[in-house]
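Chains as they are written, first to last, in the numbering used here: chain L, 1 to 439; chain H, 1 to 466.
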Amino acid sequence: MTFEEAKRWLLAEAGRRGVDLEVLGSVERRLQINAQDGKAGETTVATRGGMGLRVVDGGRVGYASTEDLSEGSLAWALTEAIENAALQPAGAAALPAGGALGRHDLVDEGLSGTVAEKRDKAVSLETELKRDPRVQSVQYALYGESQGETVIGSTRGVDGSYRSGRASLVAGLVMRADGSVKQGFEFAHANDFHQLEPGRTALRALEGLGRHLGARPLTTGRRRAVLEPRVVSTLLSLLAYSLSGKTLAEGKSALAGKLGERVAAAGFTLVDDPTLRGGLASRPFDSEGTPSRRVVLVEDGVLRSFLHNTETAARTGQQTTGHAQRSYAGTLGVGITNLVLSPGAGVTPGDGVLVTDLMGVHAGANPITGDVSLQAMGLETVGGETFPVDDFAVSFNLFELLQRIDEVGDVPETHADPRGAGAVTAPSLAVPDVSFAGK
Amino acid sequence: MVDTHSVSALLARGKAAGADFAEVYAERWRRRVLRVVDGAVEEATSVVQLGAGIRLFFGHDVLYGYTNDLSDAGLTEVLDSLVAVRDDGVGRPDAGGRGGLDLRRSDAFVPLPGPRVPPDARDKRWRLERLREADAGARVDPAVKQVEATLAEVEQEVMVANTDGVLADDQRTRTRLVVHVIASDGVETQTGHHGPGLSVGLELLETHPPAEAGRRAAEIALTNLRARKAPAGTMPVVVGNAFGGVIFHEALGHLLETTSVARNASVLAGRLGEQVASPVVTYVDDGTIPHAWGSTRIDDEGAPTERTVLIENGVLTSYMVDRWGALVTGYRPTGSGRRQDYTFAPTSRMRNTFVLNGDTPKEDLFAGVEYGLYAKVMGGGQVRPGSGEYNFAVKEGYMIRDGRIAEPVRGAMLLGKGPDTIKKVVAVSDDGSNEPGMCGSKSGYVPTEIGQPHLLVSEIVVGGEA
Chain L
1 MTFEEAKRWL
11 LAEAGRRGVD
21 LEVLGSVERR
31 LQINAQDGKA
41 GETTVATRGG
51 MGLRVVDGGR
61 VGYASTEDLS
71 EGSLAWALTE
81 AIENAALQPA
91 GAAALPAGGA
101 LGRHDLVDEG
111 LSGTVAEKRD
121 KAVSLETELK
131 RDPRVQSVQY
141 ALYGESQGET
151 VIGSTRGVDG
161 SYRSGRASLV
171 AGLVMRADGS
181 VKQGFEFAHA
191 NDFHQLEPGR
201 TALRALEGLG
211 RHLGARPLTT
221 GRRRAVLEPR
231 VVSTLLSLLA
241 YSLSGKTLAE
251 GKSALAGKLG
261 ERVAAAGFTL
271 VDDPTLRGGL
281 ASRPFDSEGT
291 PSRRVVLVED
301 GVLRSFLHNT
311 ETAARTGQQT
321 TGHAQRSYAG
331 TLGVGITNLV
341 LSPGAGVTPG
351 DGVLVTDLMG
361 VHAGANPITG
371 DVSLQAMGLE
381 TVGGETFPVD
391 DFAVSFNLFE
401 LLQRIDEVGD
411 VPETHADPRG
421 AGAVTAPSLA
431 VPDVSFAGK
Chain H
1 MVDTHSVSAL
11 LARGKAAGAD
21 FAEVYAERWR
31 RRVLRVVDGA
41 VEEATSVVQL
51 GAGIRLFFGH
61 DVLYGYTNDL
71 SDAGLTEVLD
81 SLVAVRDDGV
91 GRPDAGGRGG
101 LDLRRSDAFV
111 PLPGPRVPPD
121 ARDKRWRLER
131 LREADAGARV
141 DPAVKQVEAT
151 LAEVEQEVMV
161 ANTDGVLADD
171 QRTRTRLVVH
181 VIASDGVETQ
191 TGHHGPGLSV
201 GLELLETHPP
211 AEAGRRAAEI
221 ALTNLRARKA
231 PAGTMPVVVG
241 NAFGGVIFHE
251 ALGHLLETTS
261 VARNASVLAG
271 RLGEQVASPV
281 VTYVDDGTIP
291 HAWGSTRIDD
301 EGAPTERTVL
311 IENGVLTSYM
321 VDRWGALVTG
331 YRPTGSGRRQ
341 DYTFAPTSRM
351 RNTFVLNGDT
361 PKEDLFAGVE
371 YGLYAKVMGG
381 GQVRPGSGEY
391 NFAVKEGYMI
401 RDGRIAEPVR
411 GAMLLGKGPD
421 TIKKVVAVSD
431 DGSNEPGMCG
441 SKSGYVPTEI
451 GQPHLLVSEI
461 VVGGEA
């Protein structure tokens, strides 16, 4: 069966069995080519998809999924989901009611092209990187694309589908000069692969990493910190954990009970906007069919909203914001889409440390408490003179840091969310008196 | 899953495009997981997985793609994309691709018995009750604070066809029960786990009563609670049977896979016929044991599995060789090509790998040891495959004093190099048995059994408290 046929068959069968059912079908097609010595090296060609079933029966929720859309497997998955629901303790769960959401195409012809054209993007990225004599090795010179189709339907009236996709270039390299060795990455993403410019990505990679060669150890002390957009993106992704209604419902959010209160400095405005035109993570509706809308999370420093699906909204007495996230094989969660920090007036140059990258975020940052102590790369400015520094860690509490921001940059950059499927757009931030531990 | 004519035409299309070898692998899985924490359902999931992988060889270069669109168009698209990447980007028309290949269903396989109680024969309530028995079985002491019991079941249908004309299929059913126990006396917290698993259906819960598995997991946690810290030093070690074999699995077995041997990334590469271990050691990898966790009728390249003697009386007799490994090294293939699922290309992997029984009674292993360690139950560890350097945690350990098992110790680590340690095996007892595990490597996680009898190693570095 096709997705549409399978969806109709399942919904009809659920009606016969007297249970509420939501089906979420998705298929992802991936192409990934890593250039090696001017040719295609390691390559991935993959298509993977399936249907996820969420059954609600007597207030209990049960899940099952299938990649096989034959009648036998669909029936098996439905039976299993009903039985899995029956094992749960009694509850008051319900599927959201909904309506026709339409069919949407967010990719258009953006990924149409021959495999050779795409391979050549990777090959020219490798060539451009290797032009620089300081490049010791290229670990990745990769073209990647992903396009997906998502279909949703439920016995409570939800019905819709959309197509989305994006293409990326990834450069991973090691540079060496005068005994100093640095390793780094650079990414570029676009909805249309023709917009990817290997020369530009290579240049950004070489400049971004090359400026760290010859670094000397940073001495311990408190300094003004300017966090580059990449670093700010990482921190916002960490903050998103506390803004998640799921975290809130589980009693783990440090922002619980702070709606309407100041949680960041004035000038800090954070929105999540799934409707952003050309956004890397835009979508017309979420994983339970709630139509997308722009949600202001923090407005001029004041907490305005958490991110919710209908389940976390019900558990916390709030409204869904249309941020349900799940894969067909997973259970219901909450996730960001295009998380955007509004640009400000700009960051004034001055003495301090420009933090350019953070390492080991999984281990060195606690999303619950906001305590961050991470190895970093950067450039120090003393008396107007700038030089690269390394062998240091930067430490702060994220929630406390947000309150102390004194300047917001005016040039935003977009990065893929390191913790999920979303995208984060942010300018630089300047914060006085930040703790640096080094020599 | 896929019709033979389509597969035949697809393989021919691969050949016509210039591939030296083409393979189609298709599979369908049913997976069920039920996890209970302190008697309450924490996870209940059911998954059907279906997909196909296409592999092409151009010389020694391997290209792999996969899809779960098993229509002719879906499969052809994957194959053509692989060819296009390899080629000048345009792909070649299927000049000779229409005729198809002559596939022959092979019957040269040792049949393996199927499940006696298939998963569909019992309902979810029945499973939940069995898991609650495991919970009850673990409650042997007030120090037992948390019990997590998981039942994982898989049913897999596999089909493999290739341009050698091979057409083979297999049906695999596996069931595993894992119990984790957390025990605490208010000061210390210790854990224990036990996880029987076999290529069987729900009869696993008859042959391995859940209450017994719970009790065993609790015993380990409780023993660790009353143990004191292990001493550090180099000393003789008696390594326990069954999962004790994890050291040789990680620090020796992986070095015998052509995945590392063919790339010259193993210290045991190129040493066939040499004495690489103590003469009391015979090391076997056997995929044909009925109902064993790592047994399959065919491997994931469609070749019959077999019993491969890797080391016989200390002499290296064979590697574990998959198709690519055979192509590159020239060694005889051993039916060792395995993969987690259709999203992985196969590589050479272990099946059920163990040290054969010796003739020393177990008590005699301890008799000659004045001061040493008894590593009764082994835990996880790490290995550097190039050198075979390993470190493993001892989950349940005791000191050996004057030839006898003495007080329990915890926190011991065994450190060494696999190829050195296997030369220092002094004596092997006769109580060999195997335990299931999930082995992770380049082609994902695959079920393998690990095993050995109790054996005495003359010296191993024990990391503990100095």
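For every residue, glycine included, the Cβ atom is placed at its ideal position computed from N, Cα and C.
Against chain L, the CB of D135 (chain H) has no partner CB under 9 angstroms away; the residue lies outside that interface. What T2 (chain L) touches in chain H, judged by beta-carbon distance under 8 angstroms, is nothing: the nearest beta carbon there is about 10 angstroms away. Under the 10 Å beta carbon count, Q275 (chain H) is surrounded by fewer than 16 other beta carbons and is classified as exposed. Contact between L341 (chain L) and L236 (chain L) holds: their C-beta atoms lie close to 6 angstroms from each other, under 8 angstroms. Judged by DSSP in its simplified three-state form, Q195 (chain L) adopts helix.
Straight across, the Cα-Cα distance linking R230 (chain L) with L379 (chain L) is about 15 angstroms. For L63 (chain H), the nearest CB of chain L lies under 9 angstroms from its own CB, placing it at the interface with that chain. Counting only the Cα atoms, E149 (chain L) lies some 43 angstroms from L256 (chain H). In this structure H208 (chain H) is buried. Its beta-carbon is surrounded by 16 or more other beta-carbon atoms within 10 angstroms. Between the alpha carbons of G464 (chain H) and V394 (chain H) lies a distance of about 10 angstroms. In the assembly as shown, H5 (chain H) is an exposed residue. Its beta-carbon has fewer than 16 other beta-carbons within 10 Å. By DSSP's assignment, E42 (chain H) forms no beta bridge with any residue. Residue-level contact by beta carbon holds for T47 (chain L) and chain H, with a gap shorter than 9 angstroms.
Counting only unbroken stretches of 4 or more residues, the alpha helix (DSSP H) elements lying wholly within the region 203-246 of chain H are 204-207, 210-226, in sequence order.
Excluding residues up to 5 positions away in sequence, V238, L365, V426, A427 lie with their Cβ nearer than 6 angstroms to the Cβ of L456 (chain H) in the same chain. Taking CB atoms only, T45 (chain H) has a neighbour in chain L less than 9 angstroms away.
If you look at V226 (chain L), you'll find it in the beta strand (DSSP E) that goes 221-227.
In the structure shown, F399 (chain L) falls within a helical segment according to DSSP collapsed to helix, strand and coil. If you draw a straight line from the Cα of A52 (chain H) to the Cα of D69 (chain H), it is about 8 angstroms long. The beta carbon of T316 (chain L) sits closer than 8 angstroms to the beta carbons of G245, L248, A249, F306, H308 from its chain, once the five residues preceding and following it are set aside; these are given in chain order. Contact between K417 (chain H) and G388 (chain H) holds: their C-beta atoms lie close to 5 angstroms from each other, under 8 angstroms.
Contact annotation, A64 (chain L) with A81 (chain L): C-beta distance approximately 4 angstroms; criterion of less than 8 angstroms satisfied. Contact annotation: the region 334-350 of chain H does not touch the region 214-222 of chain H, with fewer than three C-beta pairs closer than 8 angstroms. Judged by DSSP in its simplified three-state form, W293 (chain H) adopts coil rather than helix or strand. A contact is defined here as three or more CB-CB pairs under 8 angstroms, and the region 156-175 of chain H meets this definition with respect to the region 285-304 of chain H. At least one C-beta of chain L is nearer than 9 angstroms to the C-beta of E77 (chain H). Between the region 133-147 of chain L and the region 11-29 of chain L, the count of C-beta pairs closer than 8 angstroms reaches three or more; the two stretches touch.
The three-state reading of DSSP puts R293 (chain L) in coil, since its state is none of H, G, I, E or B.
Nearest in C-alpha terms to V361 (chain L), of all of L:E126, L:V115, L:E311, L:A393, is L:A393. Secondary structure note for N84 (chain L): its alpha helix (DSSP H) is the uninterrupted segment 71-86.
No Cβ of chain H is located within less than 9 angstroms of the beta carbon of Q147 (chain L).
For G50 (chain L) against E71 (chain L), the beta-carbon gap comes to about 15 angstroms, at or over 8 angstroms, which does not count as contact. Look at S6 (chain H) here: in three-state DSSP terms it is helix. Residue range 245-249 is occupied by the alpha helix (DSSP H) that includes A249 (chain L). Cβ contact annotation for Q88 (chain L) (same chain, cutoff 8 angstroms, sequence separation greater than five): R60, V61, G62, in chain order.
If you draw a straight line from the Cα of P346 (chain H) to the Cα of M438 (chain H), it is about 16 angstroms long.
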